[in-house]
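Working notes for the structure below.
In our numbering, the protein residues as written are 186 to 323.
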């Protein structure tokens with residue numbers, strides 16, 4: 186096989202792979218903190234999913250009010266707990282956004298239709314001042 190043919194085959198395989206990945210995660214969207222805040226403000230029934238482990242939750246970065254906690258490592262075993270939201274919006278948070286992206290892709294593969302993960306996670310959320318806006322009075 187000549188070099189040009191090998192390069193064309195590699196490009197085609199790569200392009201096909203990207204389409205497959207895109208179709209698998211078509212229901213998983215990354216949203217900026219401001220968009221997530223608007224989604225939560227406008228839809229009180231939206232599911233907020235926090236995939237941080239307990240050790241990642243701090244006084245400065247607490248759990249969000251109304252959020253459900255399922256650490257990423259437990260999600261493959263516990264995702265059925267979320268079946269009631271399979272056709273409803275879910276916004277996923279993690280510390281820096283990386284674990285939320287993984288959780289989003291996992292739930293999209295489980296046929297959850299409207300899953301989003303927050304870019305930058307709780308860190309970006311807090312930097313933008315949204316953490317204070319959601320804290321419920323004691």
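A virtual CB, placed ideally from N, CA and C, is assigned to each residue, including glycine.
For residue j and residue i, the rounded distance between their alpha carbons
i	j	result
residue 326	residue 268	Examination of residue 326 is not possible in this model, given that the chain is present from 186 through 323 alone.
residue 316	residue 242	13 Å
residue 273	residue 232	8 Å
residue 229	residue 277	15 Å
residue 296	residue 288	13 Å
residue 252	residue 238	13 Å
residue 217	residue 270	21 Å
Residue range of the beta strand (DSSP E) that includes residue i
i	result
residue 284	Where residue 284 is concerned, there is no enclosing beta strand (DSSP E), although the alpha helix (DSSP H) it sits in stretches over 283 to 294.
Residue i - partner residues in DSSP beta bridges
i	result
residue 215	302
residue 278	235
residue 254	235
Extent of the continuous alpha helix (DSSP H) to which residue i belongs
i	result
residue 267	Here residue 267 belongs to no alpha helix (DSSP H), and DSSP marks it neither H nor E.
Cβ separation of residue i and residue j, assumed to be a contact under 8 Å, to the nearest whole Å
i	j	result
residue 303	residue 212	Going by Cβ atoms, the distance from residue 303 to residue 212 rounds to 16 Å, so no, they are not a contact pair.
residue 246	residue 309	About 11 Å separates the two Cβ atoms, so there is no contact after all.
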